[in-house]
Amino acid sequence: MKRHIAWIILIVTMPLVFSHLDAGEDHVVNGYLLDLGYAPEYPLAGEKVSLVVNLVNETTEESINATSMWLRISNEQDVVFAGIMALDQGGSSFTYVFPSGGKYTITAQFRDGEHIIAQTDYELEVQETANTTPNQTRSYIIALVIIVLIAILYTRYSQKKKHLP
Numbered sequence: 431m432k433r434h435i436a437w438i439i440l441i442v443t444m445p446l447v448f449s450h451l452d453a454g455e456d457h458v459v460n461g462y463l464l465d466l467g468y469a470p471e472y473p474l475a476g477e478k479v480s481l482v483v484n485l486v487n488e489t490t491e492e493s494i495n496a497t498s499m500w501l502r503i504s505n506e507q508d509v510v511f512a513g514i515m516a517l518d519q520g521g522s523s524f525t526y527v528f529p530s531g532g533k534y535t536i537t538a539q540f541r542d543g544e545h546i547i548a549q550t551d552y553e554l555e556v557q558e559t560a561n562t563t564p565n566q567t568r569s570y571i572i573a574l575v576i577i578v579l580i581a582i583l584y585t586r587y588s589q590k591k592k593h594l595p
C-alpha cells in the first residue's frame, strides 16, 4: 500500500517539477507578484528561449484575471518585439529568438480592459552564440572526465588481458 501511495505522489508531482524554468525574476508591484521565468538559464542569441510571465496576488498567490498583457522586448538600440499577449490563468508563455547578444529589457504590463493592473521591467542578459555558457562548459568537463575514465578502464583491461595465460 505504501508503495502505491509513493507512486501516486510521484506521478502527481512530476508535472510540477518539469514546469519550472531554469531561471527567473520576481517583482512585487502594488500587492501583485509579477513573475518572469525563462529557459535556458543563459539565453543565446539566435536560439529559442522559453518565457513565462505570470501575475498573482502577492499574499495569496492566486492568479489575477487580467484580460491581456502588453509586452515589449527592447535592447539599447531598438524595440525588437511589442505586442499584446493572450493570457491563460493570469499568465502567458511563449518562445522568442533574440536577434543578438546584449542586455534586453522586457516590459510586462497586465491590463483589465483599458485599466493597467501592474507593470514592471525585467533585465535579461543574452549571450552571443559564440560564447560558451557555464552549462556548456560543465558539459564539456563531464564529457572529458568520462573519456578519461573510459581510457583508464580500457588500458587496465588490456593490461590484464595480456597477463592471462
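Add 430 to the 1-based position in the sequence shown for this note's numbering, that's all there is to it.
Even for Gly, the Cβ is constructed at its ideal location relative to N, Cα and C.
From residue 459 to residue 485, what distance separates their C-alpha atoms? 10 Å
Assumed close pair residue 482, residue 521 - CB separation to whole angstroms, cut-off 8 Å: 6 Å
Just to confirm, is the Cβ distance from residue 468 to residue 456 under 8 Å? no
Put residue 571 into one of helix, strand or coil per three-state DSSP. helix
If you reduce the DSSP assignment to three classes, tell me which class residue 517 lands in. coil
Run through the segment 509-560 for me and flag every whole beta strand (DSSP E) of 3 or more residues, listed as ranges in chain order. 509-515, 521-527, 532-542 and 545-556
Span separating the alpha-carbon of residue 533 from that of residue 512: 17 Å
Once the 5 residues before and after residue 478 are set aside, which same chain residues still bring their CB inside 8 Å of it? 525, 526 and 527
With burial defined as no fewer than 16 other Cβ atoms inside 10 Å of the residue's Cβ, what is the status of residue 550: buried or exposed? buried
Could you check if residue 462 is buried or exposed, using at least 16 other CB atoms within 10 Å of its CB as the buried criterion? buried
Contacts around residue 498, its chain only, beta-carbon distance under 6 Å, and the 5 residues preceding and following it disregarded: 514 and 541
Secondary structure of residue 494, DSSP reduced to three states: coil
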